[in-house]
Structure formats: C-alpha cells, structure tokens
Amino acid sequence: MDISKLLIFHGTCNYSLIVMESLRRHRSAGPEEETVTIPDVPCGLEMKRGQLPVSWSRVGLAEYEARMVKADADSDGVLINSFDEMESQFVEAYKSFGTLERLGLRQAMEIGEALKGTGRPVVWVVKQGEIESWVSRFGEGLDWLVIVGWAPQVVILSHKAVGGFMTHRGWNSIIEGLCAGVPMVTWPLFGEQFLNERVVVEVLKVGVGVGIEVQTWWGEEVVMGREEIGVALERVMGIGEEGEERRKRVREVGEMAKKAMEVGGSSYVNMTVFIEDVKGYVKKENVVVNGL
C-alpha cells in the first residue's frame, strides 16, 4: 500500500489554499499594480495582482504544479497545519524567512538600523556568509544575540521575554508564533506568503505588515528602508491601546491553539480520527492480501 497516494499534507493554511484554488479557476492577466477581487473567499479579499501567488510555470515548474494539483484531487485525505478554532469559516469553505529566502546585505543593514533604533534586545538568526559577518560586527556593544545557522525557534518564541517576531510569513513560522502568543511583523517574499500575511494582519489582527507590495524571487531584491521597518516594529512592540489589543488577541489565539492540542481538543480529535481511518484502511488491505 502506498500511503502517499492517499494522503496529502499541506504546509500552509486553509485560507491560502482556498485563494490559490480560486486563482487556478479564475486566473486573469493585468498589470501588477492593479487591485483585483478574489472570488469564493468567505470573508472577501482584494489584493494587488503583483502580491498574488504566481503559477509555477513562471519559474519553469508547470509540470510540477500539475502533478501537485492532480495529487491533491486524487487524494483520500488532507492534513493541514492549522486548527479549527482559528480558521473555522475557511475549514468549511475548503471542505465544499526559511531556507529558500536570503536577505541581501543592503536589506540586512536597513533591518539592523531599524532594530537598533528600537533600543530593545534582539535575537537575530542569520545564515553563514557576508551577512553573518556584518551582523556580528554591527551587534557588538548592543544587547543582541546573533545565532548563525539553525536556531531553536519554538524555544525562543516560547520565552516570556520575547515580545515580537519578524518573519517572512512562512506558515510553519506563523503557527509557531501563534502558538507562542507572540505578535508579528510580516515580511512576505513570494508564493502564498502574501496570503499568510493577510491572515495574520487582517483576519486574526495579530501582526503588522512591513509594507512589501511586490513578490521577490531568487536573485531579486526589494530593499525596505529602516524608517518603514522601524514603524512596523514600534507598532508591534510599543505601548498604547493598539499594541495592547494586538497582544491580547495573539495571546487568545495561543490559548486556543493549546486547547486544540489537548485531549478532547479539535486538533486532538481530528488527528485521532485521521489515524483511526488510516489504521482501518491498512487493516482492510491486509485482509485482502492474506486472503490471496
């Protein structure tokens, strides 16, 4: 038995999957700065065309995209990295910065100046190379911790001293930030990350966008200035009614996530049903084989 033909795991959220399916059905051409309305999205969605996930054919992966769509359609079940309480309306609709991203040195310098301007302690995770060397020198004398390579992100986000999380909006990082109850500064680059940003900023209202308006691909760079970055950081980290309300909401989402994973919670129940379903299929297959 080939389980891979039966089950699909999506690393993104229900919301993004709904939007991407709508785009496959209703894709149209036009200038990147044009604002378009995406049909079939429960809460409504308007985005600039340049922010929408593009077809994989644009980067020479049309066959790969077709195989993914077919595998999804042919599957017997789907696992999604989310939980019911956070995406209830999108679950029903769906039923009817990671290793790919590399900041350029110019952008790292702008981020560094913006972070320095906050006057707050910083944990900065960077890859090895030119940026690592610059960040290490720049952070000397500051209350910064620079981590090169892999970092225990879940452990860091769960620490009570962490008050904000700047991320490229990969869904795994979002889930980790939400479960930890940490508000976020969003920095989408490509793919569904702009949709993930909408979930965080507009649907859940637990983050602030840094202001990226166009997708960037491998080898490309759009430099955001330290002023824009600083404004987003201050909105997330600063005192005041807006910031307090955002922190309250993300703590509530974090509590929902914890309860969803407890015995009897929605994710616990869904995974139990899923596992029992797979076990039942395996048992059925074994009966057939033994009967031969």
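Those letters in the sequence shown? Residues 1297 to 1588, by our numbering.
Every residue, glycine too, gets a C-beta built ideally from N, C-alpha and C.
Burial check for residue 1467: the Cβ neighbour count within 10 Å reaches 16 or more, so the residue is buried.
Membership of residue 1470 in the alpha helix (DSSP H) is indicated by the continuous run 1467-1476. Between the C-alpha atoms of residue 1550 and residue 1478 there is a straight-line separation of about 8 Å. Between residue 1532 and residue 1460, the C-beta spacing is below 8 Å. The three-state secondary structure of residue 1485, taken from DSSP, is coil.
Taking the Cα positions, residue 1405 is about 44 Å away from residue 1567. Sequence-distant Cβ neighbours of residue 1502 in its own chain, meaning closer than 8 Å and more than five residues away, are 1474, 1479, 1480, 1496, 1542, 1545, 1546 and 1549.
By the neighbour-count definition (other C-beta atoms within 10 Å, threshold 16), residue 1484 is a buried residue. Annotation: residue 1462 to residue 1362 spans about 33 Å, alpha carbon to alpha carbon. Nearest C-alpha to residue 1488 among 1324, 1346, 1562 and 1304: 1346.
Look at residue 1423 here: in three-state DSSP terms it is coil, with no helix or strand label. Contact check for residue 1319 against residue 1348 passes: the beta carbons are separated by less than 8 Å. Secondary structure at residue 1519: coil, using DSSP grouped into helix, strand and coil. For residue 1440, the closest C-alpha among the options 1508, 1411, 1535 and 1449 is that of 1411.
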